[in-house]
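Novice: My questions will all concern the structure given below.
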Amino acid sequence: MKNILCVDDDADFAEMITEVLKPEGYQVKVDTGRNMHNILRTEKYGLILLDEQLMWMWGSDLCLELKQNPETKHIPVALVSAADDIAKIKDRCGAEAFVRKPFDISHLVTVVDQLYLFQE
60 MKNILCVDDD ADFAEMITEV LKPEGYQVKV DTGRNMHNIL RTEKYGLILL DEQLMWMWGS
120 DLCLELKQNP ETKHIPVALV SAADDIAKIK DRCGAEAFVR KPFDISHLVT VVDQLYLFQE
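Per my numbering, residue 60 is the first one in the sequence shown, and the count goes up by one each step.
See below:
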């Protein structure tokens, strides 16, 4: 099973992500981001889906923290956002990919699959 950490404070959106990716062979854990660092210390994930606009922090700031940490910098991050400039934000924070909201479900699956293939 391929493990994904979905960091999003919108419970309905996170549930939809889980329902879409589970049949594709992915195990998805959801967190608001507040416990992300503790979770990553105790559990292994092959990918992080990170919402750009969390209630308490920008996802790109969390991404920068992840990419500067030797323990987590290897984990691919895909930013999820409706922002028009999400491609620039992705480049600034070091994320490997982005998914623009609203998105086609098949596009999300393709991005996730490609990030996992890149690791193999």
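Positions of the beta carbon are idealized from the N, C-alpha and C atoms, including for glycine. Treat the numbers as computed from the prediction; the structure is a model and nothing was measured.
Starting from Asn97 and walking both ways along the alpha helix (DSSP H), at which residues does that stretch end?
Specialist: 95-101
Novice: So, for His166: in the same chain, excluding its five sequence neighbours on each side, which residues have a beta-carbon less than 8 Å away from its beta-carbon?
Specialist: Val158
Novice: In the DSSP assignment, find the beta strand (DSSP E) that holds Lys88 and state where it starts and stops.
Specialist: 85-90
Novice: How many whole angstroms separate the CB atoms of Ile63 and Leu106, which I take to be in contact at a CB cut-off of 8 Å?
Specialist: 5 Å
Novice: Out of Asp172, Glu155, Glu74, Ala73, state which residue places its alpha-carbon closest to the alpha-carbon of Ser119.
Specialist: Glu155
Novice: Just to confirm my understanding: we take Lys132, look at its own chain, exclude 5 residues before and 5 after, and list those with CB closer than 6 Å. What are they?
Specialist: Lys126
Novice: Spatial neighbours of Lys61 within its chain, please: CB distance less than 8 Å, with the 5 preceding and 5 following residues excluded, ordered by chain position.
Specialist: Gly84, Tyr85, Gln86, Gly105, Leu106, Tyr175
Novice: Starting from Ile164, trace the alpha helix (DSSP H) in both directions and tell me its first and last residue.
Specialist: 164-178
Novice: Whose CA, out of Leu123, Val171, Asp67, lies closest to the CA of Met114?
Specialist: Comparing Cα-Cα distances from Met114 to each of Leu123, Val171, Asp67, the minimum goes to Asp67.
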